[in-house]
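For reference, each letter of the first sequence is one residue, going 129 to 460 in our numbering.
The C-beta atom is built at its ideal place from N, Cα and C for all residues, glycine as well.
A short worksheet on the structure shown next.
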Amino acid sequence: MNTETSVPDSEYGTGDADRRTRLVHRRLTDWFAEAARELPWRDPECSPWGILVSEVMLQQTPVVRVLPLWQDWLERWPTPAALAAEPAGAAVRHWGRLGYPRRALRLHAAATAIVLHHHGSVPTTREELLALPGVGAYTAAAVAAFAFHRRETVVDTNIRRVQARLFAGAALPAPALTAAEMRRAEALLPDDDALSVRWNAAVMELGAVTCTARAPACRDCPVLDACAWVSAGRPTADYTPRGQSWAGTDRQVRGAIVAVLRTAETPVPRHVLIEAPVDLAMGEPAEIGPLHAALRALHGLRAPSEQHERALAGLLTDGLAQETDGGIRLPG
DNA sequence: GACCCGTGGGT
DNA sequence: TACCCAAGGGT
């Protein structure tokens with residue numbers, strides 16, 4: 129262990145945290161200091177806006193797919209004001225295939241709110257952040273902690289899983305976040321502001337790269353000897369997660385429709401979206417345009433146009449699409 | 001609390 | 001192949 133990156137005992141405080149907790153604090157923050165991935169939003173020069181954008185993009189989306197989009201996004205819209213100056217449809221268009229395009233809509237709305245209510249600067253407190261569209265309990269705490277160095281109880285899926293294993297001896301956390309988990313996370317949070325930020329980042333990182341859901345790399349774990357789950361013989365989870373259905377669902381159709389709208393230069397006639405051929409021949413991806421690629425995604429759906437009608441109606445209701453004289457397009 | 005919301009890579 | 005999973009949020 130690199131003692132140069134080790135945190136002095138004094139920084140851990142002498143409060144009620146017991147010896148084991150302090151040991152885990154030190155092990156994980158030391159491990160993080162040397163093993164952390166160099167992600168651009170972790171750069172000390174990264175703006176709070178850059179961090180907020182990263183947190184929204186990372187909601188339910190792996191880092192590797194966020195990286196290129198985050199770079200493009202920040203170059204195009206380096207400030208909340210820059211994004212707010214554009215129509216919401218531009219945000220959805222440049223969201224690309226990141227998934228959950230409503231996040232782009234909400235990020236645009238958040239940028240607008242930041243301009244209107246915060247003079248264009250990302251607010252610094254958890255409460256203010258929580259009021260922004262698309263910012264929930266996790267994201268508000270994460271931005272307050274990582275952008276503004278505040279002591280916040282950050283609880284994401286990684287932290288939940290690590291703590292379930294390390295302290296509860298369970299393979300997986302409960303299906304939904306519980307009050308008990310929140311209390312445990314609060315109790316584990318180091319008193320010191322700066323250390324608490326590192327702690328949050330470290331636990332999250334451990335869950336992301338080592339203490340993973342599927343095949344945890346316990347060999348590489350810096351707190352292996354303190355892990356209750358390992359001590360218990362790594363018992364399996366006492367429930368089976370419900371899979372996310374997709375094939376044949378409205379979500380699939382919505383995704384295909386938005387994919388068409390995203391690449392369309394002009395409004396798309398309604399009938400093109402509703403009566404998309406379900407038996408469109410499969411072609412070489414390099415030989416077909418984005419429009420056809422999206423339509424191809426509809427292949428295999430037994431869904432009649434009724435489902436397309438429903439999906440489109442949902443998109444219009446959600447503000448992801450608008451109807452004009454010429455047809456359907458992204459919101460203006 | 002249950003359910004819905006996209007997309008693609010790993011196993 | 002089919003299923004699991006990913007720095008969640010909103011209703």
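*Using 8 Å as the Cβ pair cut-off and three pairs as the minimum, do the region 236-249 and the region 210-224 touch?*
With the cut-off at 8 Å, the region 236-249 and the region 210-224 touch.
_Need the endpoints of the beta strand (DSSP E) that G455 sits in, please._
Residues 455-457.
*Measure the alpha-carbon distance for G411 versus H436 and round it to whole angstroms.*
Bear in mind that the predicted position of G411 carries a pLDDT of just 28, short of 50, making it unreliable; the figure below should be weighed with that in mind. Between G411 and H436, the C-alpha separation is close to 23 Å.
*What are the complete alpha helix (DSSP H) segments, minimum 4 residues, inside the region 278-332?*
DSSP runs (the alpha helix (DSSP H)) wholly in the region 278-332: 285-296, 307-316.
*Please confirm whether V388 and V400 have their CB atoms less than 9 Å apart.*
Yes, the pair counts as a contact, with Cβ atoms nearer than the cut-off.
*Which whole runs of the alpha helix (DSSP H) in the region 205-238 are 4 residues long or more, in chain order?*
The qualifying runs are 208-212, 216-222.
*Output the distance between the C-alpha atoms of N328 and R279, rounded to the nearest integer angstrom.*
If you take the alpha carbons of N328 and R279, they lie about 9 Å apart.
_I'd like to know whether the C-beta atoms of F274 and I402 end up nearer to each other than 9 Å._
Note that the C-beta distance between F274 and I402 is not below 9 Å.
*What is the residue span of the beta strand (DSSP E) that E451 lies within?*
In the DSSP assignment, E451 falls within the unbroken beta strand (DSSP E) covering 450-452.
*Would you say R312 and G262 are within 9 Å of each other, going by their C-beta atoms?*
Not in contact: R312 and G262 (Cβ atoms no closer than 9 Å).
*asked:* Rounded to the nearest angstrom, what separates W374 and Y367 at their Cα positions?
replied: Cα-Cα distance, rounded: 21 Å.
*State yes or no: is the C-beta of D378 within less than 9 Å of the C-beta of R289?*
Not closer than 9 Å, so no.
*Beta-carbon separation (whole angstroms), V351 vs V152, contact threshold 8 Å*: So it is a contact: roughly 5 Å between Cβ atoms.
*Three or more C-beta pairs closer than 8 Å, one from the region 213-229 and one from the region 187-205: is that the case here?*
The answer is yes - the region 187-205 touches the region 213-229, with three or more Cβ pairs under 8 Å.
_Rounded C-alpha distance that separates G376 from A384_ = Inter-residue distance for G376 and A384 is about 12 Å (C-alpha atoms, whole angstroms).
*Give every residue of the same chain whose Cβ lies closer than 7 Å to the Cβ of W201, excluding the five residues on either side of it in the sequence, and list them in chain order.*
Closer than 7 Å at the Cβ level, and outside the excluded window around W201, lie V181, H222.
*Own chain partners of R390 with C-beta closer than 6 Å, once the 5 adjacent residues on each side are dropped*: Correct list, in chain order: R221.
_Burial state of R293 (16 or more Cβ within 10 Å)_ = So R293 ends up on the buried side.
*Please classify D158: is it buried, with 16 or more other beta-carbons within 10 angstroms of its beta-carbon, or exposed?*
Answer is buried; the Cβ neighbour count reaches 16.
*Could you give the DSSP three-state label for V396: helix, strand or coil?*
V396: strand per DSSP, three-state reduction.
*Given a threshold of 16 other Cβ atoms within 10 Å of its Cβ, counted over all protein chains shown, does S359 qualify as buried or as exposed?*
With fewer than 16 other Cβ atoms inside 10 Å of its own Cβ, S359 counts as exposed.
_On the DSSP letters alone, give me the boundaries of the alpha helix (DSSP H) that G383 sits inside._
It spans 378-391 - the alpha helix (DSSP H) in which G383 sits, taken as one unbroken run.
_Between the alpha carbons of R165 and C346, how many angstroms are there, rounded?_
Between R165 and C346, the C-alpha separation is close to 18 Å.
*Which residue spans inside the region 146-170 form an unbroken alpha helix (DSSP H) run of at least 4?*
Correct list: 147-163.
*asked:* Within the continuous alpha helix (DSSP H) that includes R254, where are the two ends?
replied: Per DSSP, R254 belongs to the alpha helix (DSSP H) from 254-258.
_If you reduce the DSSP assignment to three classes, tell me which class L177 lands in._
The question names Leu, yet the displayed sequence has Trp at residue 177. In this structure, W177 counts as helix in the three-state DSSP scheme.
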